[in-house]
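Before any comments, here is the structure.
Residue numbers (the working numbering): 1292 to 1626.
And the structure:
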């Protein structure tokens, strides 16, 4: 099979201790026709200098230096100059099995071809996982648009379907889609919109991506949950409003997570000066989505009632706290 150009976009921010391993496992991939784009997102350590040094060792690599705007902007910057027929996004503190791209490319072109291929990942705290083992006896699953969207909220490891970095995308699938300005959970926002555009994808059941759990990363930030609930709530509502009329069946998926996230978002900010603003925003979301929620028969009457009452109770801080405590007490005694 002819090797087409694949653009590997690597986001980099203050990860000098991790970037060499990441770059090494990309530059030594068995799939050779790569364009490696390192995007230094305003690093304040020596990651930016390291990007230049690493790129000098591989003629396929290039570097973008920009002011610190966030992961979403770094990925967009790399995508903007990428020339490949396929895109792979890698976080610069993670690394790949050396056969990962080969496997993903072969899979996306199996049979009549797929819009996207995805691999399994392993959470790790070390930089010496096995990246050399043979990729033999692989198993695959074909996924429809509906499978992908439902698995974003219903799969036992839903993060596999949310993450952006364990997927190889055809250029035409995402050429007109861009990461949007969310500090957290932008992967969900991006892939939800991607899935609305694709017909079928293929899932390779093999760990080929190593997701490094490091202290100080955004996911371990002290304000991580507060930001997470804020961004996810705003992103879900935005996608609800923008949902194409011919994809209306996915309103149920959005509503099933929007209401719990609104409640978490209000709860996280209940003691902050921004609480009133957050409450008002969520009340506005409830008013906008109310009609679709109540005509959706897949939610029970009691579930719709509970969500509605609890969100509306945000007008009164004391009442919201009481209802939240009652809900938590009730959940403790669920069978």
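By construction, the Cβ of each residue, glycine as well, lies at the ideal position given by its N, Cα and C atoms. Computed from a predicted structure; not experimentally measured.
For residue i, the nearest candidate out of the options (CA to CA)
i	options	result
residue 1427	1497, 1300 and 1481	1497
residue 1278	1346, 1601 and 1540	In the structure as shown, the chain starts at 1292 and stops at 1626, and residue 1278 therefore has no counterpart that could be examined.
residue 1569	1586, 1522, 1542 and 1415	1522
residue 1409	1419, 1416, 1417 and 1398	1398
residue 1528	1581, 1327, 1381 and 1301	1581
residue 1323	1310, 1296 and 1314	1296
residue 1381	1561, 1460, 1610 and 1467	1460
residue 1584	1616, 1610, 1337 and 1551	1551
Residue i (DSSP reduced to helix, strand or coil)
i	result
residue 1547	helix
residue 1298	strand
residue 1494	strand
residue 1448	coil
residue 1538	helix
residue 1389	coil
residue 1325	strand
Any C-beta of chain D under 9 Å from that of residue i
i	result
residue 1399	Judged by its chain identifiers, the structure shown contains no chain D, having just a single protein chain.
Buried versus exposed, by CB contacts within 10 Å (16 or more), residue i
i	result
residue 1347	exposed
residue 1388	buried
residue 1350	exposed
residue 1477	buried
residue 1404	exposed
residue 1429	exposed
residue 1592	exposed
heavy atom of the ligand GDP below 8 Å from residue i C-beta
i	result
residue 1367	In the structure shown, the ligand GDP is absent, as is every other ligand, since no ligand is present at all.
Alpha helix (DSSP H) segment containing residue i, residue limits
i	result
residue 1607	Element bounds for residue 1607: n/a, residue is neither H nor E.
Proximity below 9 Å, CB of residue i to CB of residue j
i	j	result
residue 1531	residue 1553	no
residue 1374	residue 1298	yes
residue 1500	residue 1391	yes
residue 1353	residue 1315	no
residue 1444	residue 1548	yes
Segment limits, beta strand (DSSP E) that includes residue i
i	result
residue 1408	1407–1415
residue 1486	Where residue 1486 is concerned, there is no enclosing beta strand (DSSP E), although the alpha helix (DSSP H) it sits in stretches over 1477–1486.
residue 1372	Segment 1362–1372 is the alpha helix (DSSP H) holding residue 1372; no beta strand (DSSP E) there.
residue 1355	1352–1357
residue 1382	1377–1382
residue 1435	1431–1435
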